[in-house]
Amino acid sequence: MKKLICILSLSGVMGCTDLTENMYNDLNKTNFYTSAAEYDAAFMNQYTFLRSMSCWNVYYLQELTTDEACLPQKGRDGYDGGIYQRLHWHTWTTREEIIEGAWLELYKAVGFSNQILADMKAADNKILPAPTQRLFIAETRALRAYFYWMLCDLFGNVPIVESVSEENPATRSRKEVFSFVEQEINAVKELLLSHSDANSYGRFTREAALALLSRLYLNAEVYTGESRLDDCITVSRELLQCNFSLDNTWDAPFAWENENSKENIFVIPNDEVMANEMSALFYRNIHWSQGSQWEWKNPNGGWNAICTERSFIEKYDIVNDRRCKYDPRNGYYGQFMWGPQFDQGGNPILGTNEFAGQQLDLTLDLPDMVNNKENAGARNIKYKVKIGAKGLANDFVIFRLAETYFNLAEATLRQSGTPDTEALAGINALRSRAGVPAYTAQTLTLDELYDEKGREMCYETARRTDMIRFGRFTLPMWDKNYTDNPRVTIFPIPYTAVSMNPNLKQHPEYENM
């Protein structure tokens, strides 16, 4: 894994390339390779795109539009032109920087993968052995399919670009994008590494391909109007036979050294010093003064940004569910901090703005997205922090076994009204390690599954997709009214992208915005 991190870190210098001139083709074309190491580094560079997607614009779109996370204004902080309020209220426009940023991140990744495919297909087999060439081509196609799944999920109708030379590509239907992802994964999945192979950690393996198909098929009716529950059931059951197992504790998949997790299927490797995008997940959530809570080696503390309000917290059994409250002074080691805060020495952590000189007491009760103080909201710390660390070393989880159990249970519930027995047993194992009672086949309803998946997988970028599939996304939630326009279940194609490409068509619902 350390070798992978080094390659990703060294190749990360390409992360700031300007995309305003050409958003579909990579701008950093490599003209020649002189060694196997250069091929290896170029190929692995694709994975650097996943790190930014896990923490920034794509993350914001998947989290800040849901009921589990928000970024409310706190006094003079957190306004940023009102973008976070518009995301929460579902009133975004075609000119939002975060939406444009997600679009550019994804198409830059696609463009780079297309360049790598061209380079690998033309590789000199005297330098790059043919078996490695075949693996790199298959894995690149799988990664590109994953990028296109995100485009399908977020934007719906988008261009499908398979060549670095293609300019001004036309919009393709969401159904076509779905089919492209499915066909690409099925074409290459048996050529990929298995998770048990050497050097497979942090790579898009055959099991990651199955996990993507499970997710794709579960959402097929949203994406295409046609159910693919049978396929979801088949591929989920296949994945359950791949020798993953649930970890003993709820937080082991997110631990400081979570490369030892038996549950994680596909992760993005990170390091405390190098390849450290993950630290943003921690900084963003904690208060400016809370760095002392872990003796964090960051003089600026946190960013006091993202939080969770009462209605979502109360979906948990607050007293008994080990996934909920983090309060080590009283024996709670969950993922949400609220109430009076203390440093490692047991001293009160002090506020800096409205509560300057007073103990920071994080409240669950937010009036709305606008009128808050610095102590607004519970703070999520799902990824555990080591005392005295310089940054997060935790690897970001994209797929884990828990999701497979939920997918299989939901698909069988929707088909027959009864959850698959193995999926039910898996979900009950999740609940057992969380310290809450088991379900029966009768008590695990679709509504209950929706809530339980929210409790188990909060802050894992799953909630928006789940809310849409369950018909909850347009319903009222805290400080958001009913949304009477279903257009919000996809984001607009950014105005800048449409204005630059005459063949790119805006979604009809977003025209004239």
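Here the sequence shown is numbered in the UniProt record's numbering, starting from 1 and rising by one per residue. For glycine and all other residues, C-beta sits at the position ideal for the given N, C-alpha and C.
So, at 7 Å on beta carbons, what are the nonlocal neighbours of residue i in its own chain, with the 5 sequence-adjacent residues on each side left out?
i, result
"Leu-360", "His-287, Ser-289, Gln-341, Ile-349, Leu-350, Gly-351, Asn-375"
"Gly-156", "Arg-174, Ile-490, His-507"
"Phe-470", "Tyr-450"
"Lys-325", "Ile-318, Tyr-332, Gly-334, Phe-336"
"Ile-398", "Phe-266, Val-267, Ile-268"
"Met-477", "Asp-67"
"Glu-221", "Ser-227"
"Ile-468", "Val-222, Thr-489"
"Ser-214", "Cys-232, Val-235, Ser-236, Leu-239, Thr-404, Asn-407"
"Trp-250", "Arg-322, Arg-323, Arg-433, Ala-434"
"Val-62", "Here residue 62 turns out to be Gln, not Val, going by the sequence shown. Within the same chain, Gln-62 has close Cβ partners Thr-461, Arg-464."
So, at 6 Å on beta carbons, what are the nonlocal neighbours of residue i in its own chain, with the 5 sequence-adjacent residues on each side left out?
i, result
"Leu-408", "Ser-236, Asp-420, Ala-423"
"Arg-141", "Glu-184, Val-188"
"Gln-85", "Met-369"
"Arg-206", "Lys-189, Leu-192, Ser-194"
"Asp-327", "none"
"Glu-243", "This sequence places Asn at residue 243; Glu is not what is there. Closer than 6 Å at the Cβ level, and outside the excluded window around Asn-243, lies no residue."
"Tyr-217", "Arg-228, Asp-231, Cys-232"
"Gln-415", "Leu-229"
"Glu-295", "Gln-344, Ile-387, Gly-388"
"Phe-49", "Ala-109"
Round the Cβ separation of residue i and residue j to the nearest angstrom and send it over; I've been treating them as touching at under 8 Å.
i, j, result
"Tyr-60", "Ile-98", "5 Å"
"Met-53", "Glu-96", "Actually they do not touch by this definition, with Cβ atoms about 17 Å apart."
"Arg-322", "Ala-434", "5 Å"
"Phe-266", "Ala-208", "4 Å"
"Glu-100", "Pro-502", "That pair is no contact at about 18 Å."
"Arg-400", "Pro-253", "5 Å"
"Tyr-383", "Asn-394", "4 Å"
"Asn-320", "Lys-74", "So it is not a contact: roughly 31 Å between Cβ atoms."
"Glu-403", "Met-457", "7 Å"
"Pro-72", "Asn-330", "Not confirmed; about 27 Å, so no contact."
"Leu-366", "Trp-338", "At roughly 11 Å, the Cβ-Cβ gap does not stay under 8 Å, so Leu-366 and Trp-338 are not in contact."
"Arg-464", "Thr-65", "5 Å"
"Met-278", "Phe-396", "6 Å"
"Asn-57", "Ala-102", "4 Å"
"Cys-307", "Ala-378", "6 Å"
Within 10 Å of its beta-carbon, does residue i have 16 or more other beta-carbons around it, so buried, or fewer, so exposed?
i, result
"Tyr-33", "buried"
"Asn-347", "exposed"
"Gly-78", "buried"
"Asn-380", "buried"
"Arg-76", "exposed"
"Ser-245", "exposed"
"Leu-475", "exposed"
"Lys-480", "buried"
"Lys-390", "exposed"
"Ala-198", "exposed"
"Asn-125", "exposed"
"Tyr-148", "buried"
"Ala-122", "exposed"
"Val-13", "With a pLDDT of 29 at Val-13, under the threshold of 50, the predicted position of this residue should be treated as unreliable, and no value is reported."
"Tyr-146", "buried"
"Asp-271", "buried"
"Gly-426", "buried"
"Pro-492", "buried"
On the DSSP bridge assignment, give the partners of residue i in chain order.
i, result
"Ile-265", "In the DSSP output, where bridge partners are listed per residue, Ile-265 has none listed."
"Glu-376", "For the record, residue 376 in the displayed sequence is Ala; it is not Glu. For Ala-376, which the question treats as bridged, DSSP gives the partners Thr-363."
"residue 515", "As shown, the chain starts at 1 and ends at 513. That puts residue 515 outside it, with no answer to give."
"Leu-239", "Its beta-bridge partners do not exist; DSSP assigns none."
"Ala-356", "Gly-351"
"Thr-308", "Ala-378"
"Val-177", "Val-177 pairs with nothing; no bridge assigned."
"Met-477", "Lys-480"
"Asp-77", "Lys-74"
To which residues of the same chain is residue i closer than 8 Å at the C-beta, ignoring the five residues directly before and after it?
i, result
"Glu-448", "Tyr-439"
"Pro-169", "Tyr-24, Pro-159, Ile-160, Val-161, Asn-501, Asn-503, Leu-504"
"Met-120", "Tyr-39, Phe-43, Leu-128, Gln-133, Phe-136, Ile-137, Thr-140"
"Gln-358", "Leu-350, Gly-351"
"Ala-356", "Leu-350"
"Asn-248", "Arg-433"
"Val-273", "Lys-390, Gly-391"
"Gly-345", "none"
Looking at the C-beta of residue i, does it have a partner C-beta in chain D at a distance below 8 Å?
i, result
"Glu-314", "Here chain D cannot be found, since the structure has a single protein chain."
Confirm the yes/no value for this check: CB of residue i, any heavy atom of the ligand ZN, distance under 7 Å.
i, result
"Gln-46", "The model on display carries no ligand, and the ligand ZN is accordingly not part of it."
message = Count Cβ pairs between the region 105-116 and the region 157-171 that sit closer than 8 Å; are there 3 or more?
response = yes
request  = Tell me, please, whether the region 251-262 touches the region 307-315 by the rule of three or more beta-carbon pairs shorter than 8 Å.
outcome  = no
task = Inspect the CB distances between the region 145-155 and the region 476-489 and report whether three or more fall short of 8 Å.
result = no
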